Structure formats: C-alpha cells, structure tokens
Amino acid sequence: MDKINSIKMERVSFKSGGEDILKNINVEFEAGYIHTLIGPSGAGKSTLIKLINRLIDPTEGRVLINGIDINNFDVINLRRKIGMVFQQAHLFDGTVSDNIKYGPLLMGEKNIDVKYYLNIVGLEESFQNKNVSNLSGGEQQRISIARTLANRPEVILLDEPTSALDPTSTQLIEELILQLKNKLNLTFIWITHNMEQAKRVGDFTYLVVGGELVDCGRTGELFENPRKEITRLFIDGKLTGGKSK
Amino acid sequence: MNAISLTLASSLVLISIFISYYQNLSIEREIVVGTIRAVIQLTIVGYILHYIFAANNFFFTLTMVTVMIIVAGNNAAKRGRGIPGVFYYITVSIAVGTAITLAILILFGTVHFRPQEVIPVAGMIIGNSMISSGLTVSRLKDEMKNRTLEIQTALALGASARQAVQKILKISLKTGMMPTIDGMKTLGIVQLPGMMTGLILGGVDPINAVKYQIMVTFMLASTVAISCFCVTFLTYKEFFTPYHQLKAGVK
C-alpha cells in the first residue's frame with residue numbers, strides 16, 4: 010500500500026436494521042490535515058469513520074484510497090495504516106508496555122521501543138511497567154494513542170477521544186494531536202461534539218446531520234461565515250433533531 | 125423394585141410441588157409436566173433399549189447414538205439462540221467428542237461394541253457434552269455482546285477476528301470445562317456418581333464399580349474438552365464477516 014494522499018467517499022450509504030444511518034455521502038479527506046466532524050448525537054459520524062478502516066462496509070457506494078477502492082487492500086494492513094482511537098480508551102489487561110506492544114506483536118515485530126512512544130505522548134518512561142488499572146482517564150487515552158502510534162499509521166481516526174476527559178486532560182490531548190500532525194505529518198479525522206475544540210484543532214470541518222453531510226469547508230470560514238442556514242442553526246445551538254433515520 | 129414401591133416413591137414429587145405452592149413459585153404445573161414427561165420418556169426408552177439390546181445390531185446401535193446426539197444438540201443449541209448455525213455447530217461438536225472418546229474406549233478394549241455397553245456409555249458422554257457445549261456457547265454469546273469495545277479496539281489495531289477474541293475463547297472454553305473438572309475433584313467424596321451408584325445397587329463389588337467410574341471420569345474429561353473446543357472454534361466465526369468485521373445483529 011502506497012503512502013495515503015487522500016481518502017474519498019463516493020455516494021456512500023449505510024443501512025442498519027432497515028434504518029438509513031448514512032445517506033449518499035460524497036467527501037474527500039486530504040492527507041496532512043486535521044479534519045473535524047461535527048453534528049448532533051446519532052447523526053452517523055462514528056459510522057462514517059468506521060467505514061474508513063473497514064470496521065464496517067457501506068451498503069452502497071465506495072470508499073477510495075488514492076483513487077483505489079478500499080476493498081482492494083488487505084484489511085489488516087489497512088487498519089494498521091489507518092489507526093483508530095475510541096471515545097472510551099479500552100486498554101487490555103496487563104501493563105502499559107503490553108498495550109503499546111499489542112499491534113506490533115501481532116505482526117511479529119519484537120523490538121518495540123516502548124519508551125519512544127511514551128515520550129511522544131508526553132508520559133514518563135516509568136509508566137511502561139504500570140498496570141493499566143492504575144491510570145487516570147487522561148493517561149489511559151494517551152496510552153491508547155501511543156498504542157495506535159506503535160503501528161506507525163499514516164491516518165488516525167479519533168472518535169470523540171476527549172469527551173470523557175476533564176478540561177486539563179482535554180487540552181493535553183489537543184496539544185498532543187497538533188504536535189503529532191506537525192511532527193509525524195499524520196492525518197487526523199476527528200469527531201467532536203465540542204465546537205470550540207473543532208475551531209481550535211480542525212483545518213477543515215464537516216457537518217453531519219441526519220446521516221447526510223450537509224456542509225463542509227475550512228474551519229474558520231465554516232464557523233465565522235456559515236453559508237448554509239442549517240450550519241448557522243447548529244453553531245447557534247438551535248438545531249433540533251438531526252439523528253439519522 | 126416392584127411397581128408398587130415405584131408408585132409410592134413417586135410421592136416424593138409431592139414435596140417439590142408443596143414447596144412450590146408454599147413459596148408461591150408457580151412452577152407446580154411444570155413439575156407435574158416434567159414428572160409425566162420423565163416417566164413417559166424413560167418408559168419408551170426402556171422398551172426401545174430392550175429391543176435394541178435383544179437385536180444386538182450395529183446399525184440400530186449407531187442409529188440410537190445418532191438420535192441421542194441430535195436431541196442433545198437441539199437442546200444445547202437453545203443456549204446459543206440467535207447465533208446462525210448454532211444447532212449444527214453444537215451437534216457436530218458433540219458428535220466429534222463422542223466419536224473420539226468412544227473410539228478410544230473401544231480401541232483399548234475398555235468398552236466393547238455391544239449395545240448394552242455402547243449406549244449407556246454414549247449416553248453419559250453425550251449428556252455431559254450437551255451441558256458443557258451449551259454453557260460454552262452461552263458464555264461466548266454473552267462475552268461477545270459485553271466486550272464489543274474490546275473487540276473493536278483489537279480489530280482497529282490490526283488483529284484478526286481470531287486474535288481479537290482470543291481471551292473470550294479461553295473464557296468460554298473454561299466455562300464449559302470447569303463443571304466437569306470441579307466434579308472430578310470431589311468425586312466419591314461429595315457424590316457417588318451415577319454409574320458407580322447403579323453398579324453398586326445392581327450388586328457389583330464397590331472396588332469394581334470404582335474401576336468403571338474412573339474410566340467414566342477420564343472419558344468425560346476428554347469428551348467435554350473436545351466438544352467445548354470444537355464448539356468454541358466453530359461458533360465464534362459466526363460473529364464476524366470474512367473481513368474481520370463484527371457482524372451486526374448476531375446477539
């Protein structure tokens with residue numbers, strides 16, 4: 010698989026249990042940026058990013074990487090190139106080190122520099138032997154990011170990684186992601202409910218409402234000068250409903 | 125035991141009906157239905173076995189064992205309701221466990237291929253396989269449901285479906301096997317098992333009865349392990365697509 014330059018969705022729809030979760034999504038995420046997805050709860054944002062690492066497949070349409078249908082890539086390799094961090098960091102039983110080594114060990118890599126990854130996420134080396142049950146929420150989320158980084162991904166999907174964290178931990182994660190983008194030239198597709206957060210971190214922002222991508226653009230323009238009424242209503246907190254049906 | 129003694133013994137059921145009534149459990153009807161079914165089923169089986177033992181026919185014996193496996197599979201599959209193909213997987217697992225264990229016992233001359241020996245021994249094997257396989261799929265189903273985030277996390281890190289559920293498979297396998305292992309630890313102390321009790325009641329010397337029971341214990345340990353292993357590894361795949369994705373709707 011070549012270096013990922015773009016991820017594109019063409020006429021993508023997703024149905025589950027007879028319900029339309031996503032409807033006719035057409036979008037392109039360019040590499041090297043932070044793309045934030047905003048929208049009401051249940052709008053289909055999490056479903057949308059799970060299509061990118063093939064945790065699910067669309068019922069219609071296709072997802073392309075560098076113009077090639079995603080189904081042409083080996084799914085395991087794809088998930089290593091496109092990592093994902095969930096809202097609730099699930100750490101596997103054991104130590105921090107066990108968790109960071111998880112992905113590489115699956116591929117038979119044995120020499121994993123755990124300290125390097127701890128350093129990247131701003132944690133001390135002494136963390137490597139700590140049991141994961143003794144970590145705070147913010148530390149767990151940083152370990153979960155370090156674990157994803159250990160697979161050396163090019164793109165990271167973030168499904169509301171700070172929604173369960175306190176303001177200090179949230180700020181630390183935001184700073185970390187901005188550093189990673191610049192330092193490692195990574196691409197992030199970041200779901201957030203926090204519009205201030207989207208403004209702070211997003212290069213581009215996408216508004217998903219009722220399973221449809223209703224607006225997108227450069228973050229500053231989208232928030233300061235919304236072209237569409239629905240975007241203005243959402244920003245002003247006046248949009249009611251918006252769940253996918 | 126004559127018919128009158130047996131009829132009088134049936135009054136013991138009244139105790140359970142009384143407790144149900146006294147404690148307002150509302151299971152009196154089920155106790156009555158269960159009792160009547162047990163009497164009818166056992167009587168029919170008694171006559172069938174009487175005929176099969178007299179016929180001493182390979183085909184009849186095999187048919188009887190096959191029927192027992194299918195009935196056991198059907199019963200255990202209820203615990204895995206919602207999993208596609210669960211009846212098939214459990215039945216195959218019980219059949220494999222039964223076939224391997226019976227073949228070893230016959231090969232080593234511990235049991236002879238006569239209906240009088242094969243059918244009761246197969247009954248014990250199949251009964252235990254049925255319970256352990258049912259426990260295994262039931263636990264597998266629960267764990268898959270409760271550990272969705274853990275599985276998704278592992279898959280997102282590049283684990284295959286098999287790697288993502290490694291821990292769940294172990295837990296399910298252990299759940300199916302542990303009752304038999306625990307039973308082995310207290311055998312003879314807490315309970316005198318069915319076969320040994322039967323032989324002693326039938327007038328066999330307790331030392332000889334113990335020999336048979338030891339054989340049964342080894343046999344059950346093997347068959348339960350085989351059945352649980354097969355059912356775990358056959359069934360977990362039903363929760364995933366060929367692309368290592370958790371299937372929606374398998375509950």
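As they're listed, the protein sequences go chains A and B. Anchor point for the first sequence: position 186 equals 195 in my numbering, and the numbering is continuous, going up by one each time. Anchor point for the second sequence: position 67 equals 191 in my numbering, and the numbering is continuous, going up by one each time. Positions of the beta carbon are idealized from the N, C-alpha and C atoms, including for glycine. All figures in this text were calculated on a predicted structure; none of them were measured in a lab.
Your pair Leu-167(A) and Val-94(A) checks out as a contact, with CB atoms roughly 5 Å apart and the cut at 8 Å.
Spanning the alpha carbons of Lys-119(A) and Ile-109(A) requires a straight line of approximately 12 Å. Spatial neighbours of Val-36(A) in its own chain (CB-CB distance under 8 Å, excluding positions within 5 residues in sequence) are listed in chain order as Lys-17, Met-18, Tyr-215, Leu-222, Cys-225. Along the region 268 to 284 of chain B, going in chain order, the ones with a CB nearer than 7 Å to a CB of chain A are Leu-273, Glu-274, Gln-276, Thr-277, Leu-279, Ala-280, Leu-281, Gly-282, Ala-283, Ser-284. Between Gly-53(A) and Ile-30(A), the gap from beta carbon to beta carbon is short of 9 Å.
With respect to Ile-79(A), Arg-89(A) sits apart: the two C-beta atoms are not nearer than 9 Å.
In this structure the region 212 to 230 of chain B touches the region 179 to 197 of chain B; the number of beta carbon pairs closer than 8 Å is three or more. Not one beta carbon of chain B lies nearer than 9 Å to the beta carbon of Tyr-42(A). In the structure shown, Met-301(B) falls within a helical segment according to DSSP collapsed to helix, strand and coil. Within the same chain, Cβ atoms closer than 8 Å to the Cβ of Ser-144(B) are found at Ser-150, Ile-151, Glu-152, Ile-155, the five residues on either side in sequence being excluded. C-alpha of Gln-96(A) to C-alpha of Ile-338(B): approximately 54 Å in a straight line.
Three or more Cβ pairs drawn from the region 351 to 368 of chain B and the region 252 to 263 of chain B lie within less than 8 Å of each other, which places the two stretches in contact. Met-268(B) is positioned such that its CB atom lies no closer than 9 Å to that of Tyr-171(B).
Ile-129(A) is a Cβ neighbour of Leu-158(A), given a cutoff of 9 Å.
Of the residues assessed, Val-157(B) falls on the exposed side of the cut-off, its CB having fewer than 16 other CB atoms within 10 angstroms. Close to Asn-160(A), with beta-carbon spacing below 7 Å, are these residues of chain B in chain order: Leu-281, Gly-282. By the rule that beta-carbons nearer than 9 Å mark a contact, Leu-115(A) touches chain B. Given a length threshold of 3 residues, the region 151 to 182 of chain B has no whole run of the beta strand (DSSP E) inside it. Val-242(B) is a Cβ neighbour of Thr-185(B), given a cutoff of 9 Å. Proximity of Met-18(A) to chain B, defined by a Cβ-Cβ separation below 9 Å, is not satisfied. For the pair Ala-40(A) and Lys-59(A), the CB atoms are not nearer than the 9 Å cut-off.
Closer than 9 Å to the CB of Gln-369(B) there is at least one CB belonging to chain A. Contacts with chain A at 9 Å (Cβ-Cβ) do not include Thr-299(B). Judged by their CB atoms, Gly-92(A) and Asn-191(A) are not nearer to each other than the 9 Å cut-off. The beta-carbon separation of Gln-150(A) and Ile-182(A), rounded to 6 Å, stays under the 8 Å limit for a contact.
For Thr-225(B), the closest Cβ of chain A is not nearer than 9 Å.
Phe-182(B) and His-174(B) have their C-alpha atoms roughly 15 Å apart. In the structure shown, Gly-112(A) falls within a helical segment according to DSSP collapsed to helix, strand and coil.
Non-local beta-carbon contacts of Arg-156(A) in its own chain, meaning distances under 7 Å to residues more than five positions away in sequence, involve Asn-108, Ile-109, Tyr-111, Gly-112 in chain order.
Around Pro-330(B), the same chain offers Ile-324 as residues with beta carbons nearer than 7 Å, after the five sequence neighbours per side are excluded.
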